[in-house]
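>
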Amino acid sequence: MAEVPVPGWVNPLYDPDDLRLPRIAGPCALVFFGVSGDLSRKKLLPAVYDLANRGLLPPGFGLVGVARRDYTDAQFAELVRQDVQAHARTPFREESWKQLVTGIRFVWGDFDDSSTFDRLHAALDKLDNEQGTGGNHAFYLSVPPSMFEVVVDQLESHEMVDQAKGWKRVVIEKPFGHDLASAKELYRVVSKAFPPESVFRIDHYLGKETVQNLLALRFANQMFEPVWNNNYVSHVQITMAEDIGIGGRAGYYDGIGAARDVIQNHLLQLMALTAMEEPNSFEARQLRIEKQKVLAAASIPADLDRYTARGQYVAGWQGGMQVPGFLEEKGIPSDSRTETYAAIRVDIGTRRWAGVPFYLRSAKRMPRRVTEIALMFKRAPHLPFDNTETRELGTNALVLRIQPDEGISMHFGAKVPATGMEIRQVTMDFAYAASFTESSPEAYERLILDVLLGDPPLFPQQEEVELSWELLDPVLERWAESGAPEPYPSGTWGPSSAADMLARDGFTWRRP
Amino acid sequence: MIIELTDTNAPAVAARALSARRSTGVASGLVMTLIVMSSTQQYSQAFDAAQATAAEHPSRILMVLTSKSPKTAMDAEIRIGEGVPGDMITLRLSGDLVDHADSVVLPLLLPDLPAVAWWPGRGPELPSQDPVGALARLRITDATNSDDPVGTLIARARGPHSAADTDLSWTRLTRWRALIASALDQCGRPVSSATVEAAEENAPAALLASWLDARLGVPVGIVTSMGPGITAVRLQTECGEVAIRRVSKTDSEYIVPDQPVRTAALARRTRVELLSEELRRLGPDAIFEQALDKLAERAS
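Keeping their order, the protein sequence lines are chains A and B. Numbers in my numbering are just positions in the first sequence, counted from 1, shifted up by 4. Numbers in my numbering are just positions in the second sequence, counted from 1, shifted up by 188.
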């Protein structure tokens with residue numbers, strides 16, 4: 005059992021000016037439910053190793069896998085080692101592994117079997133003794149949302165959520181429900197056992213690094229803020245396109261669709277970060293307040309048929325490969341109405357953004373994989389040129405690339421070198437990877453570290469989740485009433501209804 | 189692309205570097221200029237280290253070499269591409285030019301971006317007084333290369349120095365400091381005294397002791413051990429000893445009262461890793477400044 009620090013004692017070895025010293029999490033154990041899943045093996049376990057390798061994990065650290073497999077601790081450790089060697093971002097170092105492996109444990113069993121949790125309890129007690137993890141336990145629920153209640157109830161009934169003996173935290177993955185009611189239900193389940201500050205929601209699309217990059221761009225610079233409003237911006241396009249289909253995720257995706265899967269969490273978060281006012285500080289709470297204000301001010305035009313669009317990919321050629329349509333995918337019923345393309349217009353009723361529509365679209369089987377936020381500027385009020393001189397001048401745009409190749413590009417007009425006056429669109433580009441090639445920590449690494457440090461995460465809390473659902477629920481209801489989504493060929497930029505939706509406002513979708 | 193220029197000058201080097209950059213189509217994205225002040229003997233090692241560092245921090249690297257040849261002249265070699273994200277320019281100075289390296293370096297610094305000077309060898313006694321050092325925002329030396337490492341640090345501590353000066357003997361301590369700070373967190377008690385165990389005349393140990401002294405304000409002793417380098421750091425508290433003890437080349441024991449002894453990774457880091465840490469944070473290091481001042485105080 006760790007000593008409780010003397011009240012008021014501050015570690016004199018730390019100093020806010022000492023930027024070299026990393027914050028190492030205190031001794032603790034991280035329990036992964038569903039550790040044999042793809043996500044755990046490709047992302048979570050390697051992320052834990054990367055943290056260890058960067059020297060950010062405490063020497064007393066326990067890693068407990070729980071799954072319906074019959075492994076010994078040693079067998080499990082060996083599997084972890086293989087996953088780490090295959091997927092970790094930092095090189096494999098024996099000494100880092102050695103530090104990690106002493107705390108690796110495995111607990112087998114079903115989640116609805118009480119004895120599984122007896123074994124888990126015993127394993128954690130033993131870790132507390134051997135590794136000095138001091139009752140600090142984080143539970144990562146890498147399981148389907150339908151299992152959350154089972155696991156949380158078991159943890160509670162086995163007295164494993166008592167915050168008096170060390171902290172207890174829980175991590176859940178998106179989706180956070182499938183509508184407002186289910187999001188509230190999910191919250192009820194989790195909050196039975198964990199107070200709000202102990203619940204960490206992760207949207208792995210939106211790493212903390214990305215959020216902080218966006219905040220740095222907007223608020224560390226003076227040159228962007230003056231144009232970041234409806235005086236200069238005509239509209240904003242936020243795109244998340246995936247080049248893949250649903251792959252093996254039919255069971256999850258059918259009935260969920262692009263809007264629930266991506267717009268509700270990821271795109272609305274990106275929108276909030278783009279549109280929010282400057283927070284008073286970068287404290288997580290301040291940031292959340294600003295995001296909530298924007299989400300509360302957001303609305304979707306009442307005529308949903310005109311200002312939303314949805315589609316479903318059909319067979320076609322995508323990037324040189326012949327691919328099946330959504331309805332032909334394995335595990336998808338032939339009459340599924342799940343959308344694989346979703347676009348909505350969001351208006352934000354604030355002084356800064358009134359009259360600037362935000363267009364959000366998310367889709368699968370697009371020509372390429374890209375996530376971008378594009379601020380499209382108004383045309384200069386007066387152009388002292390002939391029409392022919394500026395006919396190649398496109399729209400001024402500031403594009404924030406989220407992935408791949410995270411960076412910023414600016415699109416503007418420049419004169420073509422020649423005696424004539426001809427203006428053409430050019431691009432100025434900044435890529436994080438070109439200027440900072442050090443491997444930035446992966447989204448999961450940052451999140452897991454936040455969980456272990458108890459840092460309030462930048463990830464949404466319940467109120468934001470609910471606000472997002474409030475926005476989206478009417479759209480989903482309307483879509484449910486209106487038949488099948490419009491088909492679009494795989495490998496194209498989506499259905500014509502989406503193009504029409506922008507054309508009504510006098511805009512066109514960018515080709516990202 | 190490698191371009192050799194003999195008997196040249198800074199404007200010619202700058203012009204050729206620019207045109208080479210355009211023709212290779214490499215996007216600019218360089219974040220700093222790294223000036224490496226090296227002697228002929230250290231050149232190849234320093235070159236490799238700088239090149240490896242550049243992989244992490246795309247930069248313009250100016251390798252400044254001085255030769256004893258009496259003729260005043262400069263030869264240059266420009267490398268662009270060649271597996272490095274930035275460009276590497278080697279400048280060989282001889283004759284009177286040796287004393288005016290700053291006149292060559294200044295026109296070749298990237299506009300507005302920070303410049304860092306690194307001496308892979310002994311380095312000048314007072315880096316901030318060095319003409320090239322004065323051009324840099326961060327000056328990196330390595331006292332352990334000198335004949336009397338601790339003496340060198342003390343001399344620098346007593347001379348004019350600022351938060352822009354840093355030394356790799358300090359960088360080597362980061363992991364030690366991180367471990368002992370987190371171990372003290374576990375115990376959460378005031379410290380009454382501290383000890384650093386290290387090989388004789390070890391510069392990092394002297395700095396570690398000074399840092400502990402400055403931060404904790406308690407007696408900090410240095411005990412000579414068999415080494416290599418620092419072998420342990422121990423803090424005495426009312427509930428017992430908090431310690432980090434090196435047990436092998438790559439591992440240490442993490443000792444906190446009433447907790448099981450655990451192993452923590454503590455590998456000695458390569459020069460490239462140390463340099464990369466320095467370049468990752470270009471800002472002034474007030475904590476090192478504090479430790480250095482304390483070192484001067486302890487020495488008197």
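By construction, the Cβ of each residue, glycine as well, lies at the ideal position given by its N, Cα and C atoms. A quick note: this is a predicted structure, and the numbers were derived from the prediction, not measured.
1) Leaving out five residues before and five after Val455 (chain A) in sequence, what residues of the same chain have Cβ atoms less than 7 Å from its Cβ?
2) From Met5 (chain A) to Thr137 (chain A), what does the alpha carbon distance come to, in whole angstroms?
3) Name, please, each residue of chain B whose Cβ falls closer than 9 Å to the Cβ of Lys102 (chain A).
4) What does Ser303 (chain A) pair with, by DSSP beta-bridge criteria?
5) When we look at the beta-carbon of Val449 (chain B) and count the other beta-carbons within 10 Å, is it buried (16 or more) or exposed?
6) Assess, as a yes-or-no matter, whether the segment 437-452 of chain B is touched by the segment 56-74 of chain A under the definition of 3 or more beta carbon pairs within less than 8 Å.
7) Spell out whether any CB of chain B is found under 8 Å from the CB atom of Gly64 (chain A).
8) Output, in chain order, the set of chain A residues within a Cβ distance shorter than 7 Å of Asp373 (chain B).
9) Tell whether a beta-carbon distance below 8 Å holds between Arg248 (chain B) and Ile268 (chain B).
10) Which of the three DSSP states is assigned to Ala489 (chain B) in this structure?
11) Check this for me: beta carbons of Leu451 (chain A) and Ala29 (chain A), under 8 Å apart or not?
12) Ends of the alpha helix (DSSP H) at Gly275 (chain A)?
13) Taking the alpha carbon of Ala203 (chain B) as the reference point, which residue from B:Leu296, B:Glu270 and B:Gln424 has its own alpha carbon closest?
14) As a quick exercise: from A:Leu364, A:Leu387, A:Val10 and A:Tyr257, pick the residue whose alpha carbon is nearest that of Leu379 (chain A).
15) Does the segment 265-275 of chain A come into contact with the segment 325-342 of chain A, if we say contact requires no fewer than three beta-carbon pairs (one atom in each stretch) closer than 8 Å?
16) Just to make sure I have the definition right: I need the residues of chain B whose C-beta is within less than 8 Å of the C-beta of Val10 (chain A). Which are they?
17) Can you name the residues of chain E whose CB is closer than 7 Å to the CB of Tyr18 (chain A)?
18) Work out the CA separation of Leu471 (chain A) and Gln296 (chain A) for me, nearest whole Å.
19) Of all the alpha helix (DSSP H) runs that stay within the bounds of the segment 192-244 of chain A, which reach a length of 4 or more residues?
20) In chain B, which residues lie less than 8 Å from Gln326 (chain A) when you measure between Cβ atoms?
21) Considering Cα atoms alone, identify which of A:Ile108, A:Phe198, A:Leu48 and A:Ser146 is closest to Gln135 (chain A).
22) Strictly under 8 Å for the Cβ-Cβ distance: is Gln226 (chain A) near chain B by that measure?
23) For Ile475 (chain B), report the span of its alpha helix (DSSP H) as first-last.
24) Which residue comes first and which comes last in the beta strand (DSSP E) that contains Ser247 (chain B)?
25) Answer yes or no: do Leu105 (chain A) and Ala127 (chain A) have a C-beta to C-beta separation smaller than 8 Å?
26) Considering only the alpha carbon of each residue, which of B:Leu367, B:Gly376 and B:Gly409 lies closest to Arg58 (chain A)?
27) DSSP three-state label for Ala234 (chain B), please.
28) Are the segment 367-383 of chain B and the segment 330-347 of chain B touching, with three or more C-beta to C-beta distances below 8 Å?
29) Out of A:Ser202, A:Glu468, A:Gly252 and A:Asp433, point me to the one whose CA is closest to Asp2 (chain A)'s CA.
30) Does any C-beta atom of chain A lie closer than 8 Å to the C-beta of Ala200 (chain B)?
31) Between the alpha carbons of Trp364 (chain B) and Ser303 (chain A), how many angstroms are there, rounded?
32) In terms of residues, what are the limits of the beta strand (DSSP E) holding His91 (chain A)?
33) List the residues of chain B that Asp21 (chain A) touches, going by C-beta distances under 7 Å, in chain order.
34) What does the Cβ neighbour count give for Lys212 (chain A), buried or exposed, with the cut at 16 atoms within 10 Å?
35) Determine the DSSP secondary structure at Cys427 (chain B), reduced to helix, strand or coil.
36) Could you check what DSSP says for Ala215 (chain B) in three-state terms: helix, strand or coil?
Taking the structure as given:
1) Excluding sequence neighbours, Val455 (chain A) sits near Ala142, Arg173, Val175 and Phe204.
2) Any reading at Met5 (chain A) must be qualified, since the residue scores a pLDDT of 41, below 50, and its modelled position is unreliable; no value is offered.
3) For Lys102 (chain A), the chain B residues whose C-beta falls within less than 9 Å of its own C-beta are Thr438, Asp439, Thr451 and Ala453, listed in chain order.
4) A:Asp351, per the DSSP bridge assignment.
5) Of the residues assessed, Val449 (chain B) falls on the exposed side of the cut-off, its CB having fewer than 16 other CB atoms within 10 angstroms.
6) The segment 56-74 of chain A vs the segment 437-452 of chain B: in contact.
7) It does: the Cβ of Gly64 (chain A) has a partner Cβ on chain B nearer than 8 Å.
8) In chain order: Asn15 and Gly30.
9) No, they are not a contact pair.
10) With chain B represented from 189 up to 488, any question about residue 489 (chain B) goes unanswered, as that position is not in the structure.
11) Taking 8 Å as the cut-off, the beta carbon of Leu451 (chain A) is found no closer than this to the beta carbon of Ala29 (chain A).
12) Note on identity: in this sequence residue 275 (chain A) is Met, with Gly being the wrong assignment. Element bounds for Met275 (chain A): Leu272 to Ala279.
13) Minimum Cα distance to Ala203 (chain B) is reached at B:Leu296.
14) Comparing Cα positions, the closest option is A:Leu364.
15) Between the segment 265-275 of chain A and the segment 325-342 of chain A there are fewer than three inter-stretch CB-CB distances shorter than 8 Å, so the stretches are not counted as touching.
16) In chain order: Gly376, Arg377 and Pro378.
17) The structure shown contains no chain E; its protein chains are A and B.
18) If I take the Cα positions, the gap works out to 8 Å.
19) Counting only runs of 4 or more, we get 212-223.
20) Near Gln326 (chain A) there are no residues of chain B at all, since even the closest Cβ is about 34 Å away, more than 8 Å.
21) For Gln135 (chain A), the closest of A:Ile108, A:Phe198, A:Leu48 and A:Ser146 by C-alpha to C-alpha distance is A:Ile108.
22) Not closer than 8 Å to any Cβ of chain B, the Cβ of Gln226 (chain A) fails to qualify, so no.
23) Segment Ala474 to Ala487, the alpha helix (DSSP H) holding Ile475 (chain B).
24) Where Ser247 (chain B) is concerned, the enclosing beta strand (DSSP E) starts and stops at Ser247 to Thr254.
25) The displayed chain sequence assigns Val, not Leu, to residue 105 (chain A). Contact: no.
26) Distances from the alpha-carbon of Arg58 (chain A) to those of B:Leu367, B:Gly376 and B:Gly409 put B:Leu367 closest.
27) DSSP places Ala234 (chain B) in the helix class (H, G or I) of the three-state scheme.
28) Because the criterion of three Cβ pairs below 8 Å is not met, the segment 367-383 of chain B and the segment 330-347 of chain B do not touch.
29) Nothing about residue 2 (chain A) can be reported from this structure: the residues present for chain A run from 5 to 516 only.
30) So, not an interface residue.
31) Note on geometry: alpha-carbon atoms of Trp364 (chain B) and Ser303 (chain A) lie some 53 Å from one another.
32) Judged by DSSP secondary structure, His91 (chain A) falls outside any beta strand (DSSP E) and instead within the alpha helix (DSSP H) spanning Asp77 to His91.
33) Here the neighbours are Ala474 and Ile475.
34) By the neighbour-count criterion, in which a residue is buried when 16 or more other Cβ atoms sit within 10 angstroms of its Cβ, Lys212 (chain A) is buried.
35) DSSP places Cys427 (chain B) outside both helix and strand once states are collapsed to three, so it counts as coil.
36) Only weak support exists for where Ala215 (chain B) lies, its pLDDT of 49 falling under 50; the value from the coordinates is given anyway. Residue state for Ala215 (chain B) is assigned as coil, using DSSP reduced to three classes.
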